[in-house]
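Visitor:
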């Protein structure tokens, strides 16, 4: 939550700040593409490294530390190479921590509570995405144009995030003799040896990711429809608030009625939103669509990771999630590029309709594919005696 406060505090002002120090639109696009590639390519590697070491906490702490120190670095110097380096540090931090953090969450759950645990994580994470932009808007209202100061202020919640990790204890590490070295492409090798149900699921998730472009395009649609800058940012905050409010209860519902069912419900909402964006011209209806969009995110983001952790071997959890999120980052870059091209060539309505139609195809694929759990001996099911102790 605190790390997201720090990151989302800068989200609304990042393009403005970069333009103010001489970055062109093209250079901003290259910077963000480079940053996302850094995060994407590193997630699988560090996830595999965490599994090989049998440790989670060091990766989590280093990852959050990198993200925290990158914020003031952006304000210290304005040379393009330095800015690229600072953004790379930020995204590398995300790559280092993602697999290990999600594996740690999985380790604290049983197969019956994965949706609840990951839903709670998404709720607090996204609540930070509400506090961050609101804090930035409040600061800039009183101190307009003080962008550099905002980057220094963002260090505070980043440090608080690191501080909280010192209250966490890592699980017992794997014995030293069982640890093996990690090469950069080990996570790609994992894809070849992973359970077939994992590959089937990830193929469906990545196909959806290829049409799930950046939220910037939805915000651009709002601007096209005539909303002011403040109303557009307010709508984005509203979306995050709905996401945060629904992620935890939908996680609980998913544990009761099935992760697959709730995930498909989320994809159906996504298709409705994009069909609505293609045809809607009513300003008030946009808020309804963003409400549904927030519920969609709550029903899919954490649920997908919970689902993956339930159909893979416990000892490979960080690798499995890191591999998926790594490929997901790359597919997201491709999705945004394709959406931008389609928008330029055919316009927003055709782009949104195509996105919705492909999403319906993904819903059909996932709903008709079986994803059995792996052998229960490999899953994270706590022994009966341990459960009695916990009760």
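In the numbering used here, the protein residues as written are 441 to 831.
Glycine included, each C-beta is placed from N, C-alpha and C at the ideal position.
1) Using only alpha-carbon positions, find the residue among 733, 673, 782 that is nearest to residue 575.
2) Helix, strand or coil, according to DSSP, for residue 676 in the structure here?
3) Quick one: residues in its chain with C-beta nearer than 6 Å to the C-beta of residue 800, no 5 flanking neighbours on either side, listed in chain order?
4) Can you check the stretch 511 to 559 for any alpha helix (DSSP H) of at least 4 residues that lies completely inside it and give the ranges in chain order?
5) Is the stretch 442 to 460 close to the stretch 591 to 608, with three or more CB pairs under 8 Å?
6) Please work out which residues of its chain come closer than 7 Å, Cβ to Cβ, to residue 480, disregarding the five sequence neighbours upstream and downstream, and give them in chain order.
7) Using a Cβ-Cβ distance under 7 Å, would residue 703 count as near chain B?
8) If you measure between the beta carbons of residue 531 and residue 499, is that distance less than 7 Å?
9) Go ahead and pull the three-state DSSP assignment for residue 638.
10) Beta carbon of residue 547, beta carbon of residue 640: below 7 Å?
11) To the nearest angstrom, report how far apart residue 505 and residue 522 are at their CA atoms.
12) Would you call the stretch 454 to 462 and the stretch 565 to 580 touching, i.e. three or more CB-CB distances under 8 Å?
13) Taking C-alpha atoms, which residue in 468, 762, 665 lies nearest to residue 719?
14) Can you tell me the Cα-Cα spacing of residue 731 and residue 713, whole angstroms?
15) According to DSSP, is residue 801 part of a helix, a strand, or is it coil?
16) In the DSSP assignment, find the unbroken alpha helix (DSSP H) run with residue 761 in it and report its ends.
Guide: Taking the coordinates as given:
1) Taking the first residue of the chain shown as position 1, residue 575 is located at position 135. Residue 673 is the option with its Cα nearest to residue 575.
2) For the purposes of this step, residue 676 is taken as the residue at position 236 of the chain shown. Correct three-state label for residue 676: helix.
3) Translated into the one-based positions of the chain shown, residue 800 becomes position 360. The residues are 711.
4) 520 to 547
5) yes
6) For the purposes of this step, residue 480 is taken as the residue at position 40 of the chain shown. Only 766, 769, 770 meet the Cβ criterion.
7) Here there is only one protein chain, and chain B is not present.
8) For the purposes of this step, residue 531 is identified with residue 91 of the chain shown, where counting begins at 1. For the purposes of this step, residue 499 is identified with residue 59 of the chain shown, where counting begins at 1. Result no, Cβ atoms of residue 531 and residue 499 do not sit closer than 7 Å.
9) Translated into the one-based positions of the chain shown, residue 638 becomes position 198. Residue 638 falls in the helix class under three-state DSSP.
10) The residue given as residue 547 occupies position 107 in the chain shown. The residue given as residue 640 occupies position 200 in the chain shown. No, these two residues do not count as a Cβ contact at 7 Å.
11) Counting from one through the chain shown, the residue named residue 505 turns up at place 65. Counting from one through the chain shown, the residue named residue 522 turns up at place 82. C-alpha separation (whole angstroms): 18 Å.
12) no
13) Residue 719 sits at position 279 when you count from the first residue of the chain shown. Nearest option by C-alpha distance: 665.
14) Translated into the one-based positions of the chain shown, residue 731 becomes position 291. Translated into the one-based positions of the chain shown, residue 713 becomes position 273. Their Cα atoms are separated by approximately 9 Å.
15) The residue labelled residue 801 in the question sits at position 361 within the chain shown. Helix at residue 801.
16) The residue given as residue 761 occupies position 321 in the chain shown. That run of the alpha helix (DSSP H) goes 757 to 786.
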